[in-house]
Amino acid sequence: MMNGEGLINVRPLNDGLELTWSFDGKVRVTRNGKYVYEGTDQHYVDRETSVGEQVAYRISDEFGEVAKLYTAAVNPNDDLYWNRHLTSAVVAPSGTYLQWDPIADVDTYAVYREGRRIAEIVGSGYIDETPLEQPTLYEVRALRPVKRDDKPGTRIVHMVGKVMSIAKEMKSDTRRDKELYTMYFLVSPTRPDVATVDGINLRVQTFIRPPMIKNPNLMSPHPYFEGDGRPYNVHATEYRTRTEVKVEGLTDIPIISLKKDANVTRGYTKHHRLTGEDVASVDRVYVEDVDIERGKAAFRLQHSVGNPLVVAPDIKYTIVTALKNSATFKLSGSHTQSPHHEVYVQVGDAPWMTIHRADDLGVSFMGNPMPECHWTYLTCMD
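Under numbering that gives the first Met the number 0, the residue at position 365 of the sequence shown is numbered 364, and the numbers go up by one with no gaps.
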């Protein structure tokens with residue numbers, strides 16, 4: 000079914016998606032389980048899928064199913080990288096074909112299956128001929144050189160970053176001036192156990208892994224800061240910030256609610272005597288671009304929280320999601336690469352599932368240029 004380019008491809012249009020295929024004969028196409036096309040033309044245009052909305056196509060010929068294609072519509076003018084650029088997966092009996100828009104200035108991509116590195120490739124697609132018997136998570140990573148930004152305010156951030164930089168916090172050159180791009184594809188050979196769900200929860204936490212960290216600013220009255228002393232953990236009570244977005248009533252007209260919290264920031268002397276404590280403001284954590292209709296909810300979560308004790312760059316992230324009354328979705332986001340970030344989703348009453356985790360590169364990385372992580376998560380199931 001597949002070759003280096005794939006027999007089935009998808010490309011974004013200004014107002015939709017276009018599917019093309021290179022095999023002849025009569026073809027039947029279904030979109031999210033509903034028949035939408037039958038004929039001998041080798042393309043189909045979808046103008047119904049909203050930006051960010053996950054969509055599943057089944058393409059069959061006279062002998063039966065040829066392949067399934069999963070993707071989401073994009074907006075070329077969106078601020079978020081993975082809302083502007085396409086990712087998709089073609090799933091067939093002969094294998095799984097992951098494809099994405101090429102990332103500028105990126106030569107190679109690392110591919111992981113269930114956390115294990117399986118390939119390093121050149122080009123914007125990967126074919127895995129491994130038969131899938133259960134849901135399988137693929138991850139594709141790439142590093143891209145950071146371009147310096149002269150927008151207002153970045154000079155101040157750069158000065159703070161330089162003061163905060165210390166030699167032992169410097170990472171290798173492969174990460175020092177690189178942005179991280181990560182794509183997740185959850186590919187399932189079977190449909191979810193639950194066809195319809197009424198609620199979906201999103202939880203995002205930022206945290207500092209060590210129990211105590213040295214302040215790289217030698218002029219600060221707070222030589223040390225208290226960390227959170229923990230690994231990744233969706234249920235942890237120790238964090239810098241926690242944000243939860245709850246979407247309820249997806250079987251009808253859904254309701255979206257936001258809960259946000261910041262833990263106490265504490266400074267210490269080198270002898271670990273308390274020098275000050277305060278709680279950061281969460282006023283700049285909010286939901287915008289809310290779009291609600293029966294069985295669907297979309298929103299953009301914005302987060303910008305500073306250190307209440309010292310002048311330092313804010314912890315910033317943006318997450319965009321389009322949810323439906325099913326276990327299928329696309330999430331996309333970006334964040335500064337400090338501190339640790341973790342993103343989880345709970346579908347109905349199911350356990351929390353890990354969407355994205357990113358390690359802290361250290362506060363010295365938060366100068367100008369500020370390396371960000373751009374990530375996207377696509378469920379590839381009906």
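Glycine included, each C-beta is placed from N, C-alpha and C at the ideal position. These numbers come from a predicted model, not from an experiment.
The beta strand (DSSP E) runs of length 3 or more contained entirely in the segment 11-96 are, from start to end of the chain, 15-20, 26-30, 33-38, 42-45, 53-60, 63-71 and 86-91.
For Val203, the enclosing beta strand (DSSP E) stretches over residues Ile199 to Phe206.
With respect to Val110, Tyr125 sits close: the two C-beta atoms are nearer than 7 Å. Judged by beta-carbon spacing, Tyr180 lies within the 7 Å limit of His373, meaning their Cβ atoms are closer than that value. Contact between Pro209 and Thr268 fails: their C-beta atoms lie close to 17 Å from each other, not under 8 Å.
For the pair Ala279 and Pro312, the CB atoms are not nearer than the 7 Å cut-off. For the pair Met352 and Val246, the Cα-to-Cα distance works out to about 16 Å. Ranked by Cα distance from Lys146, the options Glu178, Glu132, Tyr183 and Lys67 are led by Glu178. Tyr316 sits buried, since 16 or more C-beta atoms from the chains shown fall within 10 Å of its C-beta.
When the beta-carbon positions are compared, Arg30 and Glu37 stay at least 7 Å from each other. Per DSSP, Pro144 is one residue of the beta strand (DSSP E) stretching across Thr135 to Pro144.
From the listed residues Leu85, Phe298 and Asp359, the smallest Cα separation to Pro253 is found for Phe298.
Across the structure, Pro370 and Val244 are spaced so that their CA atoms are roughly 26 Å apart. When the five nearest sequence neighbours on each side are left out, the beta carbons in the same chain lying within less than 7 Å of the beta carbon of Arg116 are those of Ala109, in order along the chain. The beta-carbon distance between Asp104 and Leu85, rounded to whole angstroms, is 18 Å. This is too long to meet the 8 Å contact definition. Under the three-state reduction of DSSP output, Lys269 falls in the coil class, being neither helix nor strand. Taking all protein chains in view, the Cβ of Val121 is surrounded by fewer than 16 other Cβ atoms within 10 Å, so the residue is classified as exposed. Here His302 carries a strand assignment [DSSP, helix/strand/coil].
Excluding the 5 residues flanking it on each side, Gly228 has same chain C-beta neighbours closer than 6 Å at Pro210, in chain order.
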